[in-house]
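Residue numbers (this note's numbering): 723 to 875.
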């Protein structure tokens, strides 16, 4: 793996960490009390940004190692599936459990992009918020393990 790609991956991981740290106060607060409508809109934005960041990591990997990023109508799901498969050029990036967790964030992102924020429902949002740190730790561990299998060019 080139040092530029490695740095791009490290930078992306740090960006997601920084984003989650920046909003840790809100993420902690909603474990104790139901969020307001404005807080739910902020949480929706956080969840969308989280998945955008993870998908950006997957795009980096797909471009570098697979030399292709899906471009069909379901390319987001195809990219997620692509990361579960080993290729001649790379090992798997994530396992099926992590992909399943991420699929819920991908689905939410689609909803969030096409809905009004006043339509957010805490009962549906809460599981994603509650599992955000665990999901991120699993993704981060998978990305680290993937990078550890690679060698410099």
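We put the CB at the ideal spot given by N, CA and C, even for glycine.
Quiz prompt | Beta-carbon proximity of residue 809 to residue 787, cut-off 8 Å | solution = Working through the chain shown from its first residue, we reach residue 809 at position 87. Working through the chain shown from its first residue, we reach residue 787 at position 65. Going by C-beta atoms, residue 809 is nearer than 8 Å to residue 787.
Self-check item: Touch test, the region 791-809 against the region 853-861, Cβ-Cβ under 8 Å, three pairs minimum
Solution: Not touching, per the Cβ criterion.
Practice problem: Using the Cα positions of residue 768 and residue 742, report the straight-line distance between them to the nearest angstrom. | Solution: Against the chain shown, residue 768 aligns to sequence position 46. Against the chain shown, residue 742 aligns to sequence position 20. Cα-Cα distance, rounded: 8 Å.
Self-check item: residue 887 vs residue 772 beta-carbon contact at 8 Å
Solution: Coverage of the chain is limited to positions 723 through 875, which leaves residue 887 absent and any answer about it impossible.
Quiz item: When the cut-off is 8 Å and only beta carbons count, does residue 736 lie next to chain C?
Solution: This model lacks chain C altogether; it includes just one protein chain.
Quiz prompt | Integer Cβ distance of residue 777 from residue 801, believed to fall under 8 Å | solution = Counting from 1 along the chain shown, the entry for residue 777 is found at position 55. Counting from 1 along the chain shown, the entry for residue 801 is found at position 79. Contact flag correct, Cβ pair sits at about 7 Å.
Quiz item: Taking all protein chains shown into account, do 16 or more other C-beta atoms lie within 10 angstroms of the C-beta of residue 762, making it buried, or fewer, making it exposed?
Solution: In the chain shown, residue 762 corresponds to position 40, counting from 1. Flag for residue 762 reads buried.
Quiz item: Can you tell me the Cα-Cα spacing of residue 757 and residue 789, whole angstroms?
Solution: Sequence index remark: in the chain shown, residue 757 carries index 35 (1-based). Sequence index remark: in the chain shown, residue 789 carries index 67 (1-based). Here the C-alpha atom of residue 757 lies approximately 43 Å from the C-alpha atom of residue 789.
Quiz prompt | Minimum C-alpha distance to residue 751 - residue among 856, 852, 872, 726 | solution = In the chain shown, residue 751 corresponds to position 29, counting from 1. The shortest CA-to-CA distance from residue 751 to any of 856, 852, 872, 726 is the one to 852.
Quiz item: Which class does residue 843 belong to by DSSP, given the choice of helix, strand or coil?
Solution: As a first step, residue 843 must be located in the chain shown, where it is residue number 121. In the structure shown, residue 843 falls within a coil segment according to DSSP collapsed to helix, strand and coil.
Exercise. Determine the DSSP secondary structure at residue 812, reduced to helix, strand or coil.
Key: Numbered from its first residue, the chain shown carries residue 812 at position 90. Three-state result, residue 812: coil.
Quiz item: For residue 735, which option in 782, 754, 871 has the closest C-alpha, if you only look at C-alpha atoms?
Solution: As a working note, residue 735 is residue 13 in the chain shown. When only C-alpha atoms are compared, the closest one is 782.
Self-check item: Buried versus exposed call for residue 805 [16 or more other C-beta atoms within 10 Å across all chains shown]
Solution: In the chain shown, residue 805 corresponds to position 83, counting from 1. Flag for residue 805 reads buried.
Practice problem: To the nearest angstrom, report how far apart residue 792 and residue 816 are at their CA atoms. | Solution: Position 70 of the chain shown holds residue 792. Position 94 of the chain shown holds residue 816. Going from the Cα of residue 792 to the Cα of residue 816 covers about 17 Å.
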